Amino acid sequence: MLEVTSLTRAFGNHLAIADISMQVAEGELVTIVGPSGCGKSTLLRCVAGLLPPTSGQVVLNGVPVTRVPDRLAVVFQDYSRSLYPWLSVAANVALPLLAATRRGSDRGSRRGRAVRDPAVRDRAASQRAVSQRAVSQRAVSQRAVSQRAARRAVALAALESVGLGGFADRYPWQLSGGMQQRVAIARALACEPVLLLMDEPFGAVDAQTREDLEDLLLRVQAERHITTLLVTHDIDESVYAGDRVIVLTRGPGRVRAEVAVDLPAPRDQITTKERREFARLRAEVSRLVRGTPAPASAPPEISPPEIFQQAP
Amino acid sequence: MSALPATGPATTAAARPRAGGRTYLLLARLLVLAAAIAGWQLGTTAAGNPYFLPPAQIASGMYHRWFDGPASHLWLTADATANLLPSLGRMLSGWAIAAVAGVALGVAIGRLPLLADLAESLVHFGRAVPPPALVPVFLFVFKIGTPMEVAAIIFGVIWPVLVNSIDGARHVDAGYTETARAFRLPPAQRLTRVILPGAAPKICAGLRLSLALALVMMIISEFAGSTNGIGNEMLTAQSTFDISLMWQVIGLLGVLGIVLNALFAVAERRVLAWQRAPRATS
Numbered sequence: 096m097l098e099v100t101s102l103t104r105a106f107g108n109h110l111a112i113a114d115i116s117m118q119v120a121e122g123e124l125v126t127i128v129g130p131s132g133c134g135k136s137t138l139l140r141c142v143a144g145l146l147p148p149t150s151g152q153v154v155l156n157g158v159p160v161t162r163v164p165d166r167l168a169v170v171f172q173d174y175s176r177s178l179y180p181w182l183s184v185a186a187n188v189a190l191p192l193l194a195a196t197r198r199g200s201d202r203g204s205r206r207g208r209a210v211r212d213p214a215v216r217d218r219a220a221s222q223r224a225v226s227q228r229a230v231s232q233r234a235v236s237q238r239a240v241s242q243r244a245a246r247r248a249v250a251l252a253a254l255e256s257v258g259l260g261g262f263a264d265r266y267p268w269q270l271s272g273g274m275q276q277r278v279a280i281a282r283a284l285a286c287e288p289v290l291l292l293m294d295e296p297f298g299a300v301d302a303q304t305r306e307d308l309e310d311l312l313l314r315v316q317a318e319r320h321i322t323t324l325l326v327t328h329d330i331d332e333s334v335y336a337g338d339r340v341i342v343l344t345r346g347p348g349r350v351r352a353e354v355a356v357d358l359p360a361p362r363d364q365i366t367t368k369e370r371r372e373f374a375r376l377r378a379e380v381s382r383l384v385r386g387t388p389a390p391a392s393a394p395p396e397i398s399p400p401e402i403f404q405q406a407p
Numbered sequence: 052m053s054a055l056p057a058t059g060p061a062t063t064a065a066a067r068p069r070a071g072g073r074t075y076l077l078l079a080r081l082l083v084l085a086a087a088i089a090g091w092q093l094g095t096t097a098a099g100n101p102y103f104l105p106p107a108q109i110a111s112g113m114y115h116r117w118f119d120g121p122a123s124h125l126w127l128t129a130d131a132t133a134n135l136l137p138s139l140g141r142m143l144s145g146w147a148i149a150a151v152a153g154v155a156l157g158v159a160i161g162r163l164p165l166l167a168d169l170a171e172s173l174v175h176f177g178r179a180v181p182p183p184a185l186v187p188v189f190l191f192v193f194k195i196g197t198p199m200e201v202a203a204i205i206f207g208v209i210w211p212v213l214v215n216s217i218d219g220a221r222h223v224d225a226g227y228t229e230t231a232r233a234f235r236l237p238p239a240q241r242l243t244r245v246i247l248p249g250a251a252p253k254i255c256a257g258l259r260l261s262l263a264l265a266l267v268m269m270i271i272s273e274f275a276g277s278t279n280g281i282g283n284e285m286l287t288a289q290s291t292f293d294i295s296l297m298w299q300v301i302g303l304l305g306v307l308g309i310v311l312n313a314l315f316a317v318a319e320r321r322v323l324a325w326q327r328a329p330r331a332t333s
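As they're listed, the protein sequences go chains A and B. Read in order, the letters of the first sequence are residues 96 to 407 in the numbering used here. Read in order, the letters of the second sequence are residues 52 to 333 in the numbering used here.
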């Protein structure tokens with residue numbers, strides 16, 4: 096569903112990423128890992144349509160990406176600069192719905208798709224009826240009010256799904272870092288994305304919170320099957336969270352290798368990481384990131400029989 | 052005006068003392084103020100110079116001249132409705148027009164590089180001209196009256212708003228604008244929910260400067276030519292050697308400055324509540 100072909104991006108004379116090609120299947124969670132300065136964020140911005148590539152192209156569901164595609168969501172690393180401190184938590188989460196409903200107001204089908212909760216869908220349907228019936232000023236303002244209520248309902252549901260049900264009317268700066276990143280995840284989920292991009296999303300929180308957030312991501316992913324591209328510099332995280340790991344070389348970033356991760360689901364911070372398979376994958380990715388060759392004794396490829404073998 | 056408790060430098064977030072310390076600080080400030088007034092009172096009474104009046108006499112004169120009216124008129128006297136209200140009306144409308152125009156122009160210039168290239172030198176030229184120097188020009192264009200005075204106020208006070216709005220809009224955090232782009236926020240929402248709030252701290256600083264300047268421009272424009280207003284009363288005092296009236300006008304201007312600044316501070320605190328909050332980073 097996502098196809099990246101020979102993507103290259105230069106800033107002046109500096110080549111950030113060079114000739115990157117990769118494919119991501121529907122519902123897959125692919126992690127991209129690489130040494131710092133390998134152009135991970137540049138790659139993600141090109142895929143998001145936030146940054147035009149110097150050459151090569153990104154195709155999402157058959158459509159070349161030339162600007163930010165509809166139903167794309169991004170979780171940035173720095174929550175303090177991506178959540179708006181002047182908006183409440185609920186308003187932050189509802190913000191992308193503003194784009195969705197605005198665009199959907201003349202094309203009814205989109206709005207229906209953006210809303211999952213049946214109660215909200217009914218309200219949306221009644222809004223549509225109102226909009227068809229009347230064009231008076233009063234009807235317009237009523238519609239605005241009920242649209243706002245519908246957006247809020249979606250935002251509350253999204254907050255509930257990340258475990259922040261009771262924090263809708265707080266402000267981001269009243270929450271801890273981990274909770275703020277949950278808000279950012281809720282905001283990404285609220286617009287029901289077909290593609291979720293995460294740029295070192297858990298890089299700014301402490302280790303324990305990081306594990307919780309990784310598990311939150313895996314749970315959401317298992318429930319909704321959102322195609323996800325997660326950029327990280329943390330090798331453990333790339334193996335633990337990913338269905339597949341793409342390793343980039345030091346700048347300019349190129350694809351060094353792709354490693355399939357066949358760890359069984361549901362994954363668990365303790366038992367999954369206890370597996371011999373996890374240790375082996377981590378070592379493999381580590382060597383690829385550092386560019387050191389594998390020792391002769393180590394298996395060069397994943398050997399399927401080992402996958403379900405529990406660690407002693 | 053700079054020693055106003057609500058806005059003085061000692062109460063900024065970084066150096067704010069504990070609640071108990073704050074009470075003492077407030078008491079100490081009031082004490083200094085009271086001592087200054089008492090000294091003024093004693094000094095002028097002892098000297099008996101007819102040009103320097105004791106503050107109690109000035110205050111009671113102010114009261115009887117402007118604030119001794121019937122309750123139905125909000126205790127304003129005929130003199131106050133004839134002079135104080137027109138002055139305030141011109142000042143506030145001039146400031147409001149300058150605020151709206153300054154923010155609109157400033158945000159446009161700050162966000163549109165092409166417009167900035169074209170307009171920036173013009174802005175720097177405009178702000179470099181001392182506003183009072185333009186009063187004769189407005190006098191020439193509009194003749195004596197409210198339009199001249201309002202125009203002089205607008206032109207005099209728009210520059211701090213404009214310059215600060217340009218700066219604020221230009222330097223809205225790139226993280227905020229990129230997030231808006233990533234979530235495909237339509238241009239109108241991007242402006243009202245991201246750019247304007249992001250630029251609000253700078254915009255407020257500009258508005259506050261221009262509010263103080265509006266009082267200055269109000270008086271100067273009325274000195275230059277007016278048929279009513281506080282400045283006009285000052286002119287009357289000058290031509291009739293009414294020393295008492297002169298001191299009353301000075302006192303009134305001081306009180307107005309403090310009250311306007313305090314009201315603005317209250318509004319600003321509400322609008323920028325998010326900014327004073329501690330940034331939790333982990």
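Note that CB positions come from ideal geometry on N, CA and C, so glycine has one too. Because the structure is a prediction, the values reported are computed rather than measured.
#### Entry: Backbone CA spacing between G280(B) and S216(B) [nearest angstrom]
Residue mapping note: residue 280(B) aligns to position 229 of the second sequence, counting from 1. Residue mapping note: residue 216(B) aligns to position 165 of the second sequence, counting from 1. The straight-line gap from Cα to Cα measures roughly 31 Å.
### Query
Got a sec? Which residues, its chain only, sit under 6 Å from S256(A) by beta carbon, not counting five neighbours each side?
Working through the first sequence from its first residue, we reach residue 256(A) at position 161. Closer than 6 Å at Cβ, skipping near neighbours: no residue.
### Task
Consider the Cβ of A252(A): report whether some Cβ of chain B lies at a distance smaller than 8 Å.
The count along the first sequence starts at 1 and reaches residue 252(A) at position 157. In terms of beta-carbon proximity, A252(A) stays away from the interface with chain B, with every pair separated by 8 Å or more.
### Query
In chain order, which alpha helix (DSSP H) runs of at least 4 residues are fully inside the segment 269 to 313 of chain B?
Taking 4 residues as the shortest admissible run, the segment 269 to 313 of chain B contains the following complete alpha helix (DSSP H) segments, listed from N- to C-terminal end: 281 to 290.
### Query
In chain order, what residues of the same chain lie with their CB nearer than 6 Å to the CB of A352(A), ignoring the 5 residues before and after it?
Your numbering for residue 352(A) matches position 257 in the first sequence. Excluding sequence neighbours, A352(A) sits near V342 and L383.
### Task
Would you identify the three-state DSSP class for S116(A), choosing helix, strand or coil?
The residue labelled residue 116(A) in the question sits at position 21 within the first sequence. Secondary structure of S116(A) (DSSP, three-state): strand.
### Query
From the beta carbon of Y266(A), is the nearest beta carbon of chain B less than 8 Å away?
The residue given as residue 266(A) occupies position 171 in the first sequence. Yes, its Cβ sits closer than 8 Å to a Cβ of chain B.
### Message
So that I know if they touch, is there some Cβ in chain B lying closer than 8 Å to that of V154(A)?
### Response
For the purposes of this step, residue 154(A) is identified with residue 59 of the first sequence, where counting begins at 1. Chain B, which has no Cβ nearer than 8 Å to the Cβ of V154(A), makes this no.
### Query
Taking DSSP as the reference, what is the three-state secondary structure of R211(A)?
Taking the first sequence and counting its residues from 1, one reaches residue 211(A) at position 116. Residue placement at R211(A) cannot be trusted, given a pLDDT of 49 that sits under 50; the coordinates are not used to answer.
### Query
chain E beta carbons: is any one of them nearer than 8 Å to that of A233(B)?
In the displayed structure, chain E is absent; the protein chains listed are A and B.
### Query
Looking at chain B, which residues of the segment 142 to 168 of chain A have a Cβ within less than 8 Å of any of its Cβ atoms?
If the cut-off is 8 Å between Cβ atoms, the segment 142 to 168 of chain A has A143, L145, V163, D165, L167 and A168 near chain B.
### Run of the alpha helix (DSSP H) containing A233(B), from where it starts to where it stops
As a first step, residue 233(B) must be located in the second sequence, where it is residue number 182. DSSP places A233(B) inside the alpha helix (DSSP H), whose first and last residues are A225 to A233.
### Message
Going by beta-carbon coordinates alone, are V201(B) and S144(B) separated by less than 8 Å?
### Response
For the purposes of this step, residue 201(B) is identified with residue 150 of the second sequence, where counting begins at 1. For the purposes of this step, residue 144(B) is identified with residue 93 of the second sequence, where counting begins at 1. Yes, Cβ-Cβ distance for V201(B) and S144(B) is below 8 Å.
### Task
Pull up the distance between the alpha-carbon of R104(A) and that of T161(A), whole angstroms please.
The sequence position of residue 104(A) within the first sequence is 9, counting from 1. The sequence position of residue 161(A) within the first sequence is 66, counting from 1. One Cα belongs to R104(A), the other to T161(A), and the distance between them is close to 14 Å.
### Task
Could you tell me whether any Cβ in chain B is nearer than 8 Å to the Cβ of A302(A)?
Here residue 302(A) is taken as the residue at index 207 of the first sequence, counted from 1. Chain B, which has no Cβ nearer than 8 Å to the Cβ of A302(A), makes this no.
### Query
Taking 8 Å as the CB-CB limit, is F297(A) close to chain B?
Taking the first residue of the first sequence as position 1, residue 297(A) is located at position 202. Not one chain B Cβ lies under 8 Å of F297(A).
### Message
Following a CB-centred definition, is A150(B) positioned closer than 7 Å to any heavy atom of the ligand MN?
### Response
Questions concerning the ligand MN fall outside what the structure shown contains, since it holds no ligand whatsoever.
### Task
Counting only runs of 4+ residues fully inside the segment 297 to 362 of chain A, write out the alpha helix (DSSP H) ranges in chain order.
Here the runs fully enclosed are 302 to 319 and 330 to 336.
### Message
Can you give me the C-alpha to C-alpha distance between P180(A) and W268(A), rounded to a whole angstrom?
### Response
As a first step, residue 180(A) must be located in the first sequence, where it is residue number 85. As a first step, residue 268(A) must be located in the first sequence, where it is residue number 173. Their Cα atoms are separated by approximately 6 Å.
### Message
If I follow the unbroken beta strand (DSSP E) through M293(A), where does it start and stop?
### Response
The residue given as residue 293(A) occupies position 198 in the first sequence. Annotation: the continuous beta strand (DSSP E) that includes M293(A) extends over L290 to D294.
#### Entry: V245(B) at chain A interface by Cβ criterion, 8 Å
For the purposes of this step, residue 245(B) is taken as the residue at position 194 of the second sequence. It does: the Cβ of V245(B) has a partner Cβ on chain A nearer than 8 Å.
### Query
So what's F171(A) in DSSP terms, helix, strand or just coil?
For the purposes of this step, residue 171(A) is identified with residue 76 of the first sequence, where counting begins at 1. If DSSP states are grouped into helix, strand and coil, F171(A) belongs with coil.
### Task
Please go through the same chain and pick out, in chain order, the residues whose beta-carbon is closer than 7 Å to the beta-carbon of W298(B), but skip the five residues on each side of it.
Here residue 298(B) is taken as the residue at index 247 of the second sequence, counted from 1. L104 and I109, listed in sequence order.
### Query
Count the other CB atoms within 10 Å of the CB of D168(B); is the residue buried (16 or more) or exposed (fewer)?
Numbered from its first residue, the second sequence carries residue 168(B) at position 117. Under this definition D168(B) is an exposed residue.
### Message
Any beta carbon of chain A sitting closer than 8 Å to that of E319(B)?
### Response
Along the second sequence, read from residue 1 onward, the residue named residue 319(B) stands at position 268. No, because no Cβ of chain A sits closer than 8 Å to the Cβ of E319(B).
### Query
Of all the residues that make up the segment 209 to 241 of chain B, which are near chain A by a beta-carbon distance shorter than 7 Å?
Hits within the stretch, in order: D224, G226, Y227, E229, T230, R232, A233, F234, R235, L236, P237 and Q240.
### Query
Whose Cβ in chain A lies nearer than 9 Å to the Cβ of P252(B)?
Here residue 252(B) refers to the residue found at position 201 when the second sequence is read from its first residue. Within 9 Å Cβ-Cβ: nothing; P252(B) doesn't reach chain A, min ~10 Å.
### Query
Can we say the segment 355 to 371 of chain A touches the segment 166 to 179 of chain A, given the rule of at least three CB pairs closer than 8 Å?
Between the segment 355 to 371 of chain A and the segment 166 to 179 of chain A, the count of C-beta pairs closer than 8 Å stays below three; the two stretches do not touch.
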